[in-house]
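In the numbering used here, the protein residues as written are 10 to 438.
Below is one structure, written out as structure tokens; comments come after it.
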């Protein structure tokens, strides 16, 4: 398939750490930082200026917010109905630098770190969830696994293309019989000279129908259990790799997902990520970062729903007064705002610690658990506050309600997050 690379979007340039976005006004930023203006439309401010964030990330936040509102939000309905993201949209996000935000510039990224990535992802949640999903599955998971495990020749070969979206990546961990129990992989990798021969299947693989590069986890020594798992980079044209049809899902329309099958697939040993047997450790560390991004996206999705609820409650009248005058509505809004604020700070904490080199398994699990469960509650409240219209497809609230359900399942169910958290507590007590 030949993919057309679009022209640079007018008025936008790739975001890089230390640079200012187009149209940036330093005096305005200083004024807003010292005295945050309250938006007439949203009492919590137009871009959530937060003293926790350094100035460059506040500017990143605003720049991504503007890009999303102007370029991506108008496409939400089209993507939902066609169940496809136009390649030109992926190119526009790549030109903006959104695929490489959390990666070092040395490997082709933008150098904003995990905190910068999470700040941007929260703003990406203001539109169709599928748009972030293609980034999260490609650079976020596939790219992170390669970056974590190396070696350098694999980083040099694949990361520049993944972080610029010249190639799309997929992350092959889940299997028909090993979803939450990722350590029980059945996909086998048999060493044969200077290569591995891989047989097996993966399921629910995000981006699989459009991916150029796959990170595949397979068990090279079943007797060692999870310590026998290794990770490999596999290109789509590799003989023996077969991608099934696009899955039909409840939500996340536009994000392609499919099964992937391996039939005596021969992969050079030089495509192994890290050492033999390190695959499971690489998978878990990759998921730590993935869960932070997913939590950030849940925060952004919940924030947008809350804003819609506030606007609707102030303008919808029943019994001669706005429904915002009803205490039942007020409490829904107050609970949502409080929990969103807490979830955002949990994400910032986990991401900041990751940028300092700390292991964040527990905190990433906490953020993912809290933020995704919160999103489910806020999405339900949004439908309730909007009443019958919240149930209608003509309003985006209905789509957001369906999309919200998967957050508590993928990249580790809520139950797995509780297991991760409790295991860490008991091990450290």
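We put the CB at the ideal spot given by N, CA and C, even for glycine.
Bridge-paired residues (DSSP) for residue i
i: residue 276; result: 205
i: residue 239; result: 227
i: residue 215; result: 266
i: residue 222; result: 178, 244
i: residue 331; result: 326
i: residue 199; result: 206
i: residue 250; result: 271
i: residue 424; result: Looking at the DSSP assignment, residue 424 forms no beta bridge with any residue, so it has no partner.
i: residue 187; result: 184
Reduced DSSP category for residue i - H, G, I as helix; E, B as strand; rest coil
i: residue 381; result: helix
i: residue 58; result: Any reading at residue 58 must be qualified, since the residue scores a pLDDT of 44, below 50, and its modelled position is unreliable; the value itself is stated next. DSSP places residue 58 in coil when its eight states are reduced to three.
i: residue 52; result: Confidence at residue 52 is low in this model, with a pLDDT of 42, below 50, so the placement of that residue should be treated as unreliable; the coordinate-derived value is given next. Residue 52 falls in the coil class under three-state DSSP.
i: residue 37; result: In this prediction, residue 37 scores a pLDDT of 41, lower than 50, which makes its location untrustworthy; the coordinate-derived value is nonetheless stated afterwards. Helix at residue 37.
i: residue 366; result: coil
i: residue 357; result: helix
i: residue 389; result: helix
i: residue 93; result: coil
i: residue 402; result: coil
i: residue 173; result: coil
i: residue 83; result: helix
Nearest-angstrom Cβ-Cβ length linking residue i and residue j, presumed shorter than 8 Å
i: residue 299; j: residue 239; result: Between residue 239 and residue 299 the Cβ distance is about 20 Å, and since that is not below 8 Å, they are no contact.
i: residue 224; j: residue 151; result: 5 Å
i: residue 231; j: residue 237; result: 6 Å
i: residue 109; j: residue 172; result: 4 Å
i: residue 102; j: residue 69; result: Incorrect: roughly 14 Å between the Cβ atoms, too far for contact.
i: residue 208; j: residue 197; result: 5 Å
i: residue 154; j: residue 291; result: 6 Å
i: residue 305; j: residue 222; result: Their Cβ separation, rounded to whole angstroms, is 24 Å, which puts residue 305 and residue 222 out of contact at 8 Å.
i: residue 423; j: residue 381; result: 7 Å
i: residue 132; j: residue 77; result: 5 Å
contact_flag[the segment 267-279, the segment 192-206] where n(CB pairs < 8 Å) is 3 or more: yes
So within the segment 253-301, which uninterrupted beta strand (DSSP E) runs reach at least 3 residues, ignoring any that extend past its ends? 266-277
Between the segment 300-313 and the segment 352-365, do three or more beta carbon pairs fall short of 8 Å? yes
Completely contained alpha helix (DSSP H) runs for the segment 102-157, where each covers 4 or more residues: 122-133, 138-144
Between the segment 91-105 and the segment 246-266, can you find at least three pairs of beta-carbon atoms closer than 8 Å? yes
The segment 120-131 touching the segment 157-166, judged by at least three CB pairs closer than 8 Å: no
With a threshold of 8 Å, are at least 3 pairs of Cβ atoms found where one atom belongs to the segment 207-214 and the other to the segment 169-188? yes
The segment 163-173 / the segment 334-350 touching (three or more Cβ pairs under 8 Å): no
Is there contact between the segment 417-428 and the segment 359-371, where contact requires at least three CB pairs shorter than 8 Å? no
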